[in-house]
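Using this note's numbering, you'd call the opening residue of the first sequence number 26 and step up by one each time.
C-beta: ideal position from N, C-alpha, C; glycine also.
Here is the structure we will look at.
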Amino acid sequence: MPAARRLPAGARSRAATVVDRLAAEYPDAACALVHGDPLQLLVATILSAQCTDERVNLVTPGLFRRYPDAAAFASADAAELEEAIRSTGFFRSKTRAIIEMSQDLVARYGGRVPDRMEDLVTLRGVGRKTANVVLGVAFGRPGLAVDTHVTRLAGRLRLTASTDPVEIERDVCAIVPASEWTALSLRLILHGRRVCQARRPRCPECVLNDICPSAQLPAVAPGRVRAGR
DNA sequence: ATCCCGAGGG
DNA sequence: CCCTCTGGAT
26 MPAARRLPAG ARSRAATVVD RLAAEYPDAA CALVHGDPLQ LLVATILSAQ CTDERVNLVT
86 PGLFRRYPDA AAFASADAAE LEEAIRSTGF FRSKTRAIIE MSQDLVARYG GRVPDRMEDL
146 VTLRGVGRKT ANVVLGVAFG RPGLAVDTHV TRLAGRLRLT ASTDPVEIER DVCAIVPASE
206 WTALSLRLIL HGRRVCQARR PRCPECVLND ICPSAQLPAV APGRVRAGR
């Protein structure tokens, strides 16, 4: 029996509120990684690990001109590619990932990016988070990309009791309609960057502070203000 | 010092 | 489960 991990009390109703309010707050939430096709999005998403999307967008225009398709990436000189993406960090592992992934795309998928999760995650350097971004943004297929922000917000909002990304994905997907998954990921990420920050969350400015079990609000001023402190 | 739209390997 | 990989911003 799949030990039905239970969701935190009230998770469903909180999730519904989160979906509605974030949609109102960020109606135009979109993937910020500049790309022109699924392969470019895949490469940009790999580059975005531990790096802001803004800095990824600084290197990708030149990168995509130099390597216009999977075949070009597949036959790239590693040292040259490393240099081109150095500023995004983790450049050795990212270079390996991009080259080996592209060789795989050429050998097994005709140089095109597959549009199924089970195929995407077999590619070197592609995990569920990256796969869900590509599925949702490039192919319009529902997917909840669980990154550091989604992990943090889902935990603070008690939409899940788990800290494991795969279980978070399952928990949140279980209580949110599939039609909302992709937009919800993007909005949680945006909200995590702007408001629900890792170190110092701006709870007083948060549109979810009334339903968030983790919200830390300044004590409401009592009727009579006491001096001192 | 801590964090940024992670994934592979031990 | 843990660790490692990397640079840049704050």
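Exercise for the section: Could you pull the start and end residues of the alpha helix (DSSP H) that N82 belongs to? Expected result: Residue 82 sits at position 57 when you count from the first residue of the first sequence. Counting along the chain, the alpha helix (DSSP H) containing N82 begins and ends at D78 to R91.
Exercise for the section: Closer than 8 Å by C-beta to G253: which residues in its own chain qualify, once you throw out the five before and the five after it? Chain order, please. Expected result: Taking the first residue of the first sequence as 1, we reach residue 253 at position 228. With a pLDDT of 39 at G253, under the threshold of 50, the modelled position of that residue is not reliable, and no figure is offered here.
Exercise for the section: Work out the CA separation of A186 and A28 for me, nearest whole Å. Expected result: As a position in the first sequence, residue 28 is number 3, starting the count at 1. As a position in the first sequence, residue 186 is number 161, starting the count at 1. Summary for A28: the model assigns pLDDT 42, below 50, so the residue's position carries little reliability; its value from the coordinates is reported in the next sentence. Going by the C-alpha atoms only, they are around 14 Å apart.
Handout entry: CB of V175 within 8 Å of CB of I123, strictly
Key = Working through the first sequence from its first residue, we reach residue 175 at position 150. Working through the first sequence from its first residue, we reach residue 123 at position 98. No.
Handout entry: Candidates G114, P190 and G168, of which the one nearest L178 by Cα
Key = If you number the first sequence from 1, residue 178 lands on position 153. Considering only alpha carbons, the answer is P190.
Handout entry: DSSP-derived helix/strand/coil call for A36
Key = To locate residue 36, count along the first sequence from 1; it is residue 11. A36: helix per DSSP, three-state reduction.
Problem - DSSP-derived helix/strand/coil call for S210 - result: The residue labelled residue 210 in the question sits at position 185 within the first sequence. Correct three-state label for S210: helix.
Practice task
State buried or exposed for P139, treating a residue as buried only when at least 16 other CB atoms are found within 10 Å of its CB.
Solution key: One-based indexing of the first sequence puts residue 139 at position 114. The residue in question, P139, is buried, as its Cβ has 16 or more Cβ neighbours within 10 Å.
Handout entry: Straight-line Cα distance separating R141 from P63
Key = For the purposes of this step, residue 63 is identified with residue 38 of the first sequence, where counting begins at 1. For the purposes of this step, residue 141 is identified with residue 116 of the first sequence, where counting begins at 1. Computed Cα separation, rounded: 12 Å.
Problem - Three or more C-beta pairs below 8 Å linking the segment 151–158 and the segment 89–108 - result: no
Practice task
Measure from the alpha carbon of H216 to the alpha carbon of each residue in A54, G35 and V201, then state which is nearest.
Solution key: As a working mapping, residue 216 is identified with position 191 in the first sequence. Comparing Cα-Cα distances from H216 to each of A54, G35 and V201, the minimum goes to A54.
Practice task
Please report the Cβ distance between L209 and L169, rounded to the nearest whole angstrom; I am assuming they are in contact, meaning their Cβ atoms lie under 8 Å.
Solution key: The residue you call residue 209 lines up with position 184 of the first sequence. The residue you call residue 169 lines up with position 144 of the first sequence. Rounded, the Cβ-Cβ distance is 7 Å, consistent with contact.
Exercise for the section: Give the range of the alpha helix (DSSP H) segment to which H174 is assigned. Expected result: As a position in the first sequence, residue 174 is number 149, starting the count at 1. First-last of the alpha helix (DSSP H) with H174: T173 to R181.
Handout entry: Cα-Cα separation between V81 and R153, rounded to whole angstroms
Key = Residue 81 sits at position 56 when you count from the first residue of the first sequence. Residue 153 sits at position 128 when you count from the first residue of the first sequence. If you take the alpha carbons of V81 and R153, they lie about 20 Å apart.
Exercise for the section: Look up N157 in the DSSP assignment and say whether it is helix, strand or coil. Expected result: For the purposes of this step, residue 157 is taken as residue 132 along the first sequence, with counting starting at 1. DSSP places N157 in helix when its eight states are reduced to three.
Exercise for the section: Can you grab the Cα-Cα spacing for the pair N234 / A57, in whole Å? Expected result: Your numbering for residue 234 matches position 209 in the first sequence. Your numbering for residue 57 matches position 32 in the first sequence. Their backbone Cα atoms lie some 26 Å apart in a straight line.
Practice task
May I ask you to report which of helix, strand or coil DSSP gives R121?
Solution key: Reading the first sequence from its first residue, position 96 is the one you call residue 121. In the structure shown, R121 sits in a helix (DSSP, three-state: H, G or I).
Practice task
Classify Q65 as buried or exposed, calling it buried when 16 or more other Cβ atoms lie within 10 Å of its own Cβ.
Solution key: Within the first sequence, the letter at position 40 stands for residue 65. So Q65 counts as buried.
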